[in-house]
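Taken in order, these protein sequences are the chains called A and B.
Following the numbering used here, the numbering of the first sequence begins with 17 at its first residue and continues without gaps.
Following the numbering used here, the numbering of the second sequence begins with 17 at its first residue and continues without gaps.
The C-beta atom is built at its ideal place from N, Cα and C for all residues, glycine as well.
I have placed the structure first, in the form of structure tokens, so that the comments after it can refer back to it.
There are 2 protein chains.
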Amino acid sequence: MNNTPTQIDERPWETLVDLAQQGDHHAVNQQVSECTASDQAYLIAHLDESEVESVVGALTPTAAAELISHLSETQAAGLLANLEADAAAAILRELPADEQADILADLSDHQSEAILGEFPASEAEQVRVLAAYDENVAGGLMTRDLLKLSVDSTIAEAIGRIGETLDELGDDDIRYGYVVDGDDRLVGVLPMQNLLFVKRSTRVADSMIANPKTVRDSASLDELIDLFDVHHFLGIPVTDEEGRLCGVVHRDRVNRAEGEVAESAYLKSQGIVGGEELRTMPVAVRSRRRLSWLSVNILLNIGAASVVALFQETLQSVIALAVFLPIISDMSGCSGNQAVAVSMRELSLGLIRPTEVLRVWLQEMSVGLVNGLALGLLVALAGYIYQGNVWLGGVVGIALFVNTIVAVSIGGTVPLIVKRFGFDPAIASGPLLTTITDMRGFFLVLGMASQIIERLN
Amino acid sequence: MNNTPTQIDERPWETLVDLAQQGDHHAVNQQVSECTASDQAYLIAHLDESEVESVVGALTPTAAAELISHLSETQAAGLLANLEADAAAAILRELPADEQADILADLSDHQSEAILGEFPASEAEQVRVLAAYDENVAGGLMTRDLLKLSVDSTIAEAIGRIGETLDELGDDDIRYGYVVDGDDRLVGVLPMQNLLFVKRSTRVADSMIANPKTVRDSASLDELIDLFDVHHFLGIPVTDEEGRLCGVVHRDRVNRAEGEVAESAYLKSQGIVGGEELRTMPVAVRSRRRLSWLSVNILLNIGAASVVALFQETLQSVIALAVFLPIISDMSGCSGNQAVAVSMRELSLGLIRPTEVLRVWLQEMSVGLVNGLALGLLVALAGYIYQGNVWLGGVVGIALFVNTIVAVSIGGTVPLIVKRFGFDPAIASGPLLTTITDMRGFFLVLGMASQIIERLN
């Protein structure tokens, strides 16, 4: 194969949109099929809504589905909503069932039912079953495309079924056969390789692995991650309350969901809330989402700054302090955010539990003492050099020393506490941290200064 | 199976350490084997170095290897360095070859060679081959545990080889057979299921998929992600310059490497640099790493604050401005960080390229105008209410309006520019952003105020 990534034109989307608008469907399909996955993602990120529509309209359902898989679910849903129900259905049917369910969940009930009306009844039923689950539980992550074998059949019959299923699955490999009894209850799993070593007249029941590892349809993502961590399986069968086989959840899908959760935590911690943002989205949506977080922050900020207003007289007589207020506010934020990041990571790896506030606090205190001392000395030196006043250096140095310890203590423990109260630590930790450390920092600098105001001039 | 996660004791590590120190190896093995993966990770995160050593010393090599797989590579290396070479080798041999190579890379050459000296020669050779590659290229991510078949053999012989290999691999499934010619050059791939439908006397050459998709040993992680995105394969064979089969890189491993890169970018963006931090690491290491980033930041901060010092007289006569300096600095940081996060994500998804600075800037400008207006009005209102002076409200409102636009412009484009110059945008973007927006913000507020100083009192 060719290992150099295909170098696409400088502005390849322009040609493509032109071709689509001229109705040259063949050329559009040709050009899209020659793109690598990342080129397709890049390309679609450079088109506006109407351009995406004309390109998708020119593509075969298979190619359109591949292109759409590079969009966010919300964008994909918006695009399908603008197509005729039959065209939308044809594209959607090319995607895996769990992605179908996620995209349909973003459409109105009316639109979703119109599209499902164009599905064969059995496929529509499948999607409805998946859509009934939360996105990140086993039921929402599983696929129902699987090889189901009857416990009463023979290996020869099983091999016949495998042949048929391989034709249906196309590109995919079959990993295991799932063996059920007359009531659709899972009784065993048959790894493909086992078929190589047994006579064709053997019963499936005699060559399967009985009582296989299964997972309930309601199992959480964390449970699934744990299971795949311990076991080397590529897929685990999912069963309902009565032990009936509902589907199979694959390792790939769990990995992907884990990545999405981590990605979303990063975005939320930086103030991108209410869903992912792509810059091709309308400005109104992007502004509104960002503002929803900024507006909370500005109120918290004004609250913290009111501490400065309380000490207006002190500041008036020692104006040099005003230079150090932003430094202490920023540096405490930096130290605290480091502690937040470590706690978020340890929480996500399961290395700490939300109850271990005391333990984390002690572990942060030790680092806070060392780092507070180093930073405090540095800023004290800056204060002394700036005004040649050792007391000024002392005030700002001690303030940063103490506030660094406060910042790491809060930064380390706030994610645990927020999580314990059932809120999302990725969103809430940052604003809580900076508000408290700002107030505390301003109070320290100005409070100490007001006590020794004569020495500072 | 039991779907409720095993509830381990409140402080299970204490019993475990006691048992290990009493030399009750059987009980230690028993207790560790009953833990889920996340319980093991939790447990080991609560032990100090010497406690980990005594527990690991009591475990069988297999159990020790599983426990060690929950440590960071640096920690695992530190632990093995304290064991006798033969004990370390016994544990290490239980891990996948690529993890062996990563852990050995963290040891001194002397230690690493001592441990490899205890390996069977062929295994040692394997590890040395993998260790020669970068961690995140195909050669560093591949495994050499694979089923190699000769193109001249028959299906019957292949099935014989599969039987032997299954015994060696234990828990793992065989996914494909890799078919090589007499010079070890890869000529085909044989999916296990193909073996079901052909006569046992058929030659492997006649039932394999010829000219399979391969990847060069030097292929980057991005190329691998791309390939697995397009193809449904579970593994892709890795070849060297001459087309000889080196190993196979599995989808799981690529997913895991992708997650590690994303995780490390998040930590770096929050100032955890120089490798991951776990709170069980020594305070000196944790402090030093955090300080390496904080000390750069404090210098940048002092630089930015020097703008305030330039306008000391203005501030002296309108002390109310001092209340608004931290608000403008913090809020610009918030707006800018949102833009950084969106750019980091679009870069990692390949939706933008480092050259598209102008495009990103325009897309951020529009959001910046809207959000700057909203935030500026809010802070102007706060300024007016605080002092009853409409000019004060005007100065701080305009300053935040302009600085929000500056912040999103810088936040959106800085990751692209930093990346283009070959630096790591995750580390550098935040500090660059806040320094520039702080300076600009202070300059705006105080500069405007100094022009209309009479109106402000």
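Assigned secondary structure, residue i (DSSP; H/G/I helix, E/B strand, else coil)
i                 : result
Ile252 of chain B : strand
His247 of chain B : coil
Thr170 of chain B : strand
Val334 of chain B : coil
Arg219 of chain A : strand
Val418 of chain B : helix
Val289 of chain A : coil
Val44 of chain B  : helix
Asn387 of chain A : helix
Gly438 of chain A : coil
Thr371 of chain A : coil
Ile468 of chain A : coil
Val214 of chain A : coil
Ser88 of chain A  : coil
Residue i - partner residues in DSSP beta bridges
i                 : result
Tyr194 of chain B : B:Lys164, B:Val205
Ser382 of chain A : In DSSP, Ser382 of chain A forms no bridge with anything.
Val264 of chain A : A:Thr159, A:Pro253
Ile225 of chain A : A:Val205
Arg232 of chain B : B:Thr255
Val153 of chain B : B:Ser236
Inter-residue Cα distance where the pair is residue i and residue j
i                 : j                 : result
Val418 of chain B : Ser49 of chain A  : 45 Å
Leu83 of chain B  : Leu111 of chain B : 11 Å
Ile252 of chain A : Ser70 of chain B  : 35 Å
Gly275 of chain A : Gln403 of chain A : 51 Å
Asn12 of chain A  : His42 of chain B  : No answer is possible for residue 12 of chain A: the residues shown for chain A start at 17 and end at 473.
Ile433 of chain B : Ser285 of chain B : 16 Å
Arg369 of chain B : Arg232 of chain B : 24 Å
Val44 of chain A  : Ala57 of chain A  : 16 Å
Ala338 of chain A : Asp150 of chain B : 49 Å
Ala221 of chain A : Asp168 of chain A : 7 Å
Leu146 of chain A : Ala140 of chain A : 10 Å
Glu134 of chain B : Glu67 of chain B  : 25 Å
Val480 of chain A : Gln209 of chain A : Chain A is shown from 17 up to 473; residue 480 of chain A falls before or after that span and cannot be answered.
Gly193 of chain A : Pro207 of chain A : 6 Å
Ala442 of chain B : Ala355 of chain A : 17 Å
Arg191 of chain B : Ala117 of chain A : 29 Å
Gly198 of chain B : Gly39 of chain A  : 52 Å
Trp309 of chain B : Arg306 of chain A : 28 Å
Met297 of chain A : Phe213 of chain A : 56 Å
Leu331 of chain B : Leu393 of chain B : 22 Å
Ala390 of chain A : Leu240 of chain B : 44 Å
Glu180 of chain B : Asp161 of chain B : 13 Å
Ile137 of chain A : Glu184 of chain A : Residue identity check: residue 137 of chain A is Ala in the sequence provided, not Ile. Roughly 17 Å between the two C-alpha positions.
Nonlocal neighbours in the same chain, by C-beta distance under 8 Å from residue i, ignoring five residues either side
i                 : result
Asn353 of chain A : Gly427, Gly446, Leu449
Gln37 of chain A  : Ser70
Ile131 of chain A : Leu96, Ala101, Ala104, Ala105, Leu108, Leu120, Leu123
Gly366 of chain B : Asp238
Thr451 of chain A : Leu316, Asn317, Gly319, Ala320
Other residues of its chain near residue i: CB distance less than 7 Å, five sequence neighbours each side excluded
i                 : result
Thr453 of chain B : Ser348, Gly349, Gly352, Asn419, Val422, Ala423, Ile426
Thr76 of chain B  : Asn45
Arg302 of chain A : Glu293
Thr90 of chain B  : Asp122, Gly291
Contacts around residue i, its chain only, beta-carbon distance under 6 Å, and the 5 residues preceding and following it disregarded
i                 : result
Met360 of chain B : Pro431
Val395 of chain A : Val412, Gly413, Leu416
Ser234 of chain A : Val153
Leu63 of chain A  : Trp29
Leu87 of chain A  : none
The ligand ZN heavy atom lying under 8 Å from the CB of residue i
i                 : result
Phe244 of chain B : Because no ligand of any kind appears in the structure shown, any question about the ligand ZN cannot be addressed here.
Determine contact between the region 237-253 of chain A and the region 232-246 of chain B, defined as no fewer than three beta-carbon pairs at a distance below 8 Å. no
Using Cβ-Cβ distances below 7 Å, what residues of the region 418-430 of chain B are close to chain D? Of the protein chains in the structure, A and B, none is chain D.
Are there three or more Cβ pairs, one per stretch, closer than 8 Å when the region 119-129 of chain A is compared with the region 224-231 of chain A? no
Is it true that the region 165-184 of chain B meets the region 204-222 of chain B, where meeting means three or more beta-carbon pairs spaced less than 8 Å apart? yes
Quick test of the definition: if touching needs 3 or more C-beta pairs under 8 Å, does the region 455-467 of chain A touch the region 308-327 of chain A? Three or more Cβ pairs closer than 8 Å define a contact, and the region 455-467 of chain A meets that threshold against the region 308-327 of chain A.
Inspect the CB distances between the region 331-345 of chain A and the region 260-277 of chain B and report whether three or more fall short of 8 Å. no
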